[in-house]
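What follows is a single structure, written as structure tokens, with notes after it.
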Amino acid sequence: NRRPEPTPSAGERTRERQRVMEALLQLALDQGAGAAPAAYPMNTAAPAGAGAAPVGDGAKIFTFGGANGTASDIVALRVIEHGVHKRGVAPDGSDEHVVSTLRPFTFSVGLYGSNGADAEMLVEEHDVVQLTAQLLFENGQSVATLPGSPAMTGELAMLAQGRATFKIRLNVLSSQRDGQRFRISVVASGSRPIRGVISEPVRTITKLHRAPHHPVDKGGTAERPRVTKRQADSSDDSLPLSGDDLLSGPAERPTFAELQRQLEAHGQAIAKMVQRQQRLEELLASVQAEEHAQVPKQVRIEAHEAAAHPPVRLEEPMAPEQLRSIEL
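Next comes the structure, spelled out in structure tokens:
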């Protein structure tokens with residue numbers, strides 16, 4: 254009797270699908286960039302101990318296809334540091350990276366190569382290379398945006414001494430893209446035979462949730478508020494619920510995505526009102542300046558003197574009949 258094979262959990266199935274997707278994305282990236290087959294799997298950290306490995310005095314300077322370049326000069330970009338604002342929990346229970354659209358984060362890559370040797374090392378001597386980062390969906394599709402609204406900023410960095418650091422700020426929200434997560438793709442400019450790299454998926458939010466301060470009772474234990482299941486699921490980036498329309502009960506409360514859309518719509522409306530207010534103030538100041546310029550200078554001087562020295566009103570003398578009536 255054969256024992257039935259254990260059924261993989263939901264998290265294991267998700268991770269397996271993610272590994273397959275990452276392999277396909279890396280294959281598409283290599284074919285699109287025209288890079289030679291590389292020695293590194295996509296989206297892994299630098300080899301143990303290789304982050305600080307010296308090139309050595311006799312190391313070859315990579316020229317990327319120049320006179321000194323050979324087929325054995327396989328070089329590839331690797332993610333050295335992926336700065337995130339917090340670590341959350343995905344719906345399948347796995348860990349995920351979370352970044353805020355209000356704050357930038359650092360994203361560093363390194364250039365690694367074998368140079369015909371068995372040991373992997375950081376290539377610190379090479380030609381100057383410009384790297385370009387692009388924002389993709391988790392499935393590898395490009396992120397479409399409106400004109401004048403880039404999906405990310407800080408997409409350019411120079412590769413020097415084997416390292417390049419981007420200061421990236423994402424401008425798209427996962428809640429506005431059906432809850433999808435995003436990846437960062439980094440490739441070398443031009444036709445350099447350098448294998449690109451794609452980051453792990455990240456989820457974007459607006460505000461980073463901070464746990465409220467809970468008072469401590471006399472026994473020394475902090476009182477923890479009761480949290481519903483919906484609030485627990487969205488505790489990473491949930492906003493405090495308030496208002497008469499949010500007090501009916503957990504079942505009728507709007508979701509975080511709905512609140513986020515309303516908040517952003519209100520923010521845009523407020524920004525437009527502020528711009529309109531500033532424009533009206535500018536127009537008012539312009540009209541006042543024009544009217545002030547049209548008034549003759551002598552009239553302005555007389556008006557100023559009249560305001561500074563108001564005329565004194567003199568009373569008329571009383572007639573003799575009025576004086577005699579007062580004496581009587």
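Under our numbering, residues 254 to 581 are what the sequence shown spells out, in order. Think of the CB as a built atom: it goes at the ideal place given N, C-alpha and C, for glycine as much as any other residue.
- R436 counts as buried, since at least 16 other C-beta atoms from the protein chains shown sit within 10 angstroms of its C-beta.
- Residue state for A386 is assigned as strand, using DSSP reduced to three classes.
- Taking 8 angstroms as the cut-off, the beta carbon of A397 is found no closer than this to the beta carbon of V362.
- Cα atoms of M411 and S347: separation of roughly 34 angstroms, rounded to the nearest angstrom.
- Within the model, the alpha-carbon separation for P403 versus N424 is close to 7 angstroms.
- CA-CA distance, G432 to H338, rounds to 18 angstroms.
- The closest CA to that of A386, considering only S442, S539, L516, is found on S442.
- Distance from the Cα of E377 is smallest, within the candidate group L330, A522, P357, L537, for L330.
- Cβ neighbours of F390 within its own chain (closer than 8 angstroms, five residues either side excluded): V396, R430, Q433, R434, F435, R436.
- Distance from the CA of S367 to the CA of L375, rounded to the nearest whole angstrom, comes to 9 angstroms.
- Judged by beta-carbon spacing, A510 lies within the 8 angstroms limit of S428, meaning their Cβ atoms are closer than that value.
- Minimum Cα-Cα distance from P357 among the listed residues V328, T459, Q394 corresponds to T459.
- Under the 10 Å beta carbon count, T457 is surrounded by 16 or more other beta carbons and is classified as buried.
- Here Q414 has E377 as same chain residues with Cβ atoms under 7 angstroms from its own Cβ, once five neighbours each way along the sequence are excluded.
- Counting along the chain, the unbroken beta strand (DSSP E) around L330 starts and ends at 328-335.
- The C-beta of G401 has fewer than 16 other C-beta atoms within 10 Å across all chains shown, which makes the residue exposed.
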